[in-house]
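Numbering (the working numbering), first residue to last: 81 to 694. Note that CB positions come from ideal geometry on N, CA and C, so glycine has one too. Structure first, commentary second.
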Amino acid sequence: MSQAPAVSVLMPSFEQADFIGRALASLQGQTLRNWEAMVVDDGSEDGTAGAVAPFLADPRIRTVRLERNEGLGRALNTALDRTGAPLVAYLPSDDVFYPRHLELLTGALGATPQAVLAFAGLRHHYNRWHPGQLPDTPLQLVQVMHRRSGLRWLERASLESDDLERLYWGRLRAAGSFVGTGEPSCEWVDHPGQRHKRMQEPVGGINPFRQHYRVTAPLRFHTSAGNAIDEDTLYRRLRERPPTPRAADGLRILLVGELAYNAERVLALEEQGHALYGLWTDTPYWFNTVGPLPFGHVAELPRKDWRAAVRALRPDLIYGLLNWQAVPFVHAVMLATPGIPFVWHFKEGPFICVDKGSWPQLLDLYRRADGRIFGSPETRDWFELASPGLATSKPAMVLDGDLPKRDWFDAPRSSLLAARDGGLHTVVPGRPIGLHPPTVAALAAHDIHLHFYGDFTHGQWKEWIAKARGLAPQHLHLHANVAQDRWVDEFSRYDAGWLHCFTSRNGGDLRLADWDDLNYPARMATLAMAGLPMIQRDNRGAAVAAQTLARELGIGIFYDDIDGLAAQLRDAARMRGLRQRVWRERERFSFDSHVPALLGFLRRVIAEGGHTRS
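Next comes the structure, spelled out in structure tokens:
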């Protein structure tokens with residue numbers, strides 16, 4: 081290189097072999113020629129090295145490969161350590177520089193000595209142009225150049241986020257101003273495999289991110305659109321305890337599919353001396369927990385050549401679960417493993433499988449499985465109507481699919497907020513289904529507050545929040561998401577909690593039922609753990625699973641109108657009795673309490689099935 085480089089261009093790359101050649105060619109086409117580039121292959125397995133190889137004839141381009149994916153922060157810090165120019169620019173391997181990009185950015189910094197960072201305008205979503213930072217979006221790597229400093233990018237052990245302000249820019253702002261060129265000179269290429277799309281709920285999220293980047297450690301994870309998640313802290317106690325010694329009659333149980341909410345519940349099986357293994361779908365949604373599991377004690381089987389791995393394992397039983405996204409993969413595993421007892425456990429409305437086209441596989445899973453587990457009695461009876469004999473011809477049981485683990489129950493209750501201000505305080509942990517803004521206003525007229533939890537959910541319900549706050553500004557309260565270890569402490573402050581509020585139309589005929597009728601909402605266990613009576617519409621005469629269970633246990637508050645609901649909530653003696661009943665019954669909402677029955681069922685399936693599956 082004839083002169084010292086003026087700019088170090090950092091290129092982090094993970095499995096972008098089909099894009100990286102275009103990116104490097106755009107770098108070679110720059111009008112500013114005295115740059116150096118460091119390509120960091122962050123554990124790719126897609127031919128990235130071969131795609132980069134032709135460009136290494138250019139002495140300005142060097143590369144280093146990390147043996148496994150270590151995250152954007154580590155890749156960028158690795159590149160910083162191996163370069164030395166006074167200015168630093170970024171070219172993600174799926175993005176593009178236009179010819180004058182580096183020239184314009186260096187010019188902006190040269191003309192503004194007090195600035196520490198310059199940013200270009202960009203092209204995005206293939207045909208849109210913007211002169212600077214996109215609204216509601218952090219500055220993107222491709223549009224930035226800054227003066228070299230001693231600052232380091234946050235790495236995975238500290239935080240994984242799509243918000244580059246948190247990872248770097250925010251700390252750099254303390255050193256000086258940022259200046260824009262006002263001219264689009266690069267492209268932030270839009271495609272489904274972008275890192276921020278892998279991260280942001282609802283299409284991305286922590287579980288799709290973990291699966292795609294093959295993350296083996298617990299994550300500290302917070303996107304610009306979702307809840308803050310600290311798996312390291314939350315699961316440390318579960319993860320670091322010694323493995324349970326194998327019981328003399330311990331089973332080898334292969335979990336197949338995904339685990340959805342409260343995934344750590346499966347450790348209750350391991351704690352009884354059974355060995356757990358996991359084989360996961362590779363197309364999860366954010367709530368579909370897949371491995372490597374952050375709480376440990378479940379051995380992962382590889383997705384590559386999983387058939388050979390299952391044959392080598394020789395499990396005593398395959399336990400397929402849980403949501404509609406896993407149906408095609410679990411079905412494929414079932415067909416490939418004749419002779420191994422197979423149980424299918426579904427926690428989802430069958431209607432979505434009809435809508436998504438996987439109803440044939442769902443029905444076949446139930447028909448061929450050696451044991452069937454239904455999420456509620458109403459779900460079981462619905463399937464029996466849909467396919468006579470489905471709930472009676474082979475071993476079957478009822479078990480809610482995503483009950484929390486018992487460990488989270490051991491916390492003291494908090495004092496009621498009502499004791500401080502005289503108002504009534506109700507909570508909705510998740511979507512406020514059925515609570516329309518005028519309903520919030522009607523509650524406020526009775527001095528009944530509504531506390532709405534969930535950062536990500538708030539983002540989805542912005543219009544609802546604005547309308548409800550306009551009608552009841554003093555009675556709607558927004559709170560961040562709360563993890564399982566704080567459910568008792570946080571939610572026990574409230575007088576009651578809301579289940580999904582809807583008017584059933586089935587009139588007692590399950591053929592007319594929808595998912596609201598069949599489902600036990602996940603928040604039911606959350607509220608029970610905290611000892612909260614559960615508010616829902618009075619659907620007397622209809623077949624509604626949550627209502628049937630709440631009436632059976634005496635833990636519900638059923639209402640026809642807000643005036644009647646307010647009268648019930650103001651009945652102090654009745655409410656004390658309800659809270660006491662919920663506290664007595666809450667153990668049945670832990671997964672651990674059902675483990676003896678579940679193990680008995682699995683042993684029955686092993687004894688009766690697996691050899692003549694049809």
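- Shown here, R650 sits in a helix according to DSSP, grouped into three states.
- In the structure shown, E263 falls within a strand segment according to DSSP collapsed to helix, strand and coil.
- For T361, same chain residues with a beta-carbon under 6 Å away, outside a window of 5 residues either side, are G337, E338, A406, F409 in chain order.
- DSSP, read as helix, strand or coil, puts E147 in coil.
- Separation of A117 and F532 (C-alpha to C-alpha, rounded to the nearest whole angstrom) is 48 Å.
- Ranked by how close their Cα comes to the Cα of L107, the residues T324, L160, W439, F177 have F177 in first place.
- Within the region 441-521, the runs of beta strand (DSSP E) that reach at least 3 residues and sit entirely inside it are, in chain order, 451-454, 476-478, 504-509.
- Here E380 is bridged, per DSSP, to G358.
- In the assembly as shown, T583 is an exposed residue. Its beta-carbon has fewer than 16 other beta-carbons within 10 Å.
- According to the DSSP assignment, P676 belongs to the alpha helix (DSSP H) that extends over 675-688.
- In the pairwise beta carbon analysis, the region 324-337 is classified as not touching the region 300-315: fewer than three pairs are separated by under 8 Å.
- Contact between G587 and A622 is confirmed by a C-beta separation of about 6 Å, below the 8 Å threshold.
- DSSP places Y248 outside any alpha helix (DSSP H), giving it a letter other than H or E.
- Three or more Cβ pairs closer than 8 Å define a contact, and the region 446-463 meets that threshold against the region 599-619.
- Under the 8 Å Cβ criterion, the region 188-205 does not count as touching the region 275-282, having fewer than three qualifying pairs.
- With contacts defined by Cβ atoms closer than 9 Å, T261 and A200 form a contacting pair.
- The way I'd put it, the region 221-234 does touch the region 141-156; three or more beta-carbon pairs between them come closer than 8 Å.
- Between the region 568-579 and the region 603-617 there are three or more inter-stretch CB-CB distances shorter than 8 Å, so the stretches are counted as touching.
- A Cβ-Cβ separation of about 7 Å places R148 in contact with R294 under the 8 Å criterion.
- Closest in alpha carbon position to N287, among Y341, A255, L649, Y315, is Y341.
- Straight-line measurement puts the Cα of L356 at about 11 Å from the Cα of D396.
- At least 9 Å separates the beta-carbon of L401 from that of L470.
- Secondary structure note for R208: it is in no alpha helix (DSSP H), and the uninterrupted beta strand (DSSP E) holding it is 208-210.
- Taking the C-beta atoms as reference points, S265 is found nearer than 9 Å to L202.
- Residue environment: H354 is assigned as buried (16 or more neighbouring CB atoms within 10 Å of its CB, all protein chains considered).
- The Cβ neighbour count for R603, taken over all protein chains shown within 10 Å, is at least 16; the residue is labelled buried.
- By the C-beta criterion, the region 490-498 is judged not to be in contact with the region 670-677, since fewer than 3 inter-stretch pairs fall below 8 Å.
- Around the beta carbon of L244, 16 or more other beta carbons lie within 10 angstroms, which makes this residue buried.
- Closest option to R162, judged by alpha-carbon separation, among P179, F94, V87: V87.
- DSSP, read as helix, strand or coil, puts G534 in coil.
- In the displayed model, D121 falls within a strand according to three-state DSSP.
- Taken through DSSP and simplified to helix, strand or coil, R332 comes out as strand.
- A residue is called buried once 16 or more other Cβ atoms fall within 10 Å of its Cβ, and E320, having fewer, is exposed.
- One Cα belongs to P298, the other to D490, and the distance between them is close to 23 Å.
- When DSSP states are grouped into helix, strand and coil, Q616 belongs to the strand group.
- Contact between A608 and E665 holds: CB atoms are separated by about 7 Å, below the 8 Å threshold.
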